[in-house]
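This report refers to the structure that appears directly beneath it.
In the working numbering, the protein residues as written are 1 to 127.
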């Protein structure tokens, strides 16, 4: 016999339920045998060498998230200071300002206004 507390339309009822002529209750499954000894972890692969910069000494700025290039403020060849706005990405109806990470010159901007970009895509290079 099992006892339950049942609430119907906000009113509580104490209910006893008895199983009649049913199969025997299922027993808990037997525990699985334990493995003899854990295997040692394989050594981690050596980290890949960083990609060489395609534009000798240039700093490549990549997209931090997928989105659409909403506006390009800086021009190629323009001198910028750290924190200056270079372009604006729109992602999920939010505008994300992409700024210059350092003082320098915008060497190239391979993306165009309205272009879709993915995380890691090149937005601009600085030198």
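Positions of the beta carbon are idealized from the N, C-alpha and C atoms, including for glycine.
**Distance between beta carbons of residue 87 and residue 123, contact taken as under 8 Å** = Walking along the chain shown from the start, residue 123 turns up at place 123. Walking along the chain shown from the start, residue 87 turns up at place 87. With 8 Å as the limit, residue 123 and residue 87 qualify as a contact, their Cβ atoms being about 6 Å apart.
**Request:** Give me the Cα-Cα distance between residue 74 and residue 93, rounded to the nearest whole angstrom.
**Result:** Here residue 74 is taken as the residue at index 74 of the chain shown, counted from 1. Here residue 93 is taken as the residue at index 93 of the chain shown, counted from 1. Approximately 22 Å between the Cα atoms of the pair.
**Request:** Tell me whether residue 62 is buried or exposed, calling it buried when 16 or more other Cβ atoms sit within 10 Å of its Cβ.
**Result:** Mapped onto the chain shown, residue 62 falls at position 62. Burial call: exposed.
**Asked** Using the rule of at least 16 other Cβ atoms within 10 Å of the residue's Cβ for burial, across every protein chain shown, is residue 125 buried or exposed?
**Response** Counting from one through the chain shown, the residue named residue 125 turns up at place 125. With 16 or more other Cβ atoms within 10 Å, it is buried.
**Message:** Can you look up residue 55 in the DSSP assignment and give me helix, strand or coil?
**Reply:** Here residue 55 refers to the residue found at position 55 of the chain shown. Since pLDDT at residue 55 reaches only 43, below the 50 mark, its modelled position is unreliable, and the value read off the structure follows with that caveat. Here residue 55 sits in coil by DSSP.
**Asked** Ordered along the chain, which non-local residues of its own chain (more than five positions away) have a Cβ less than 7 Å from that of residue 79?
**Response** Here the question's residue 79 lines up with position 79 in the chain shown. Hits under 7 Å: 105.
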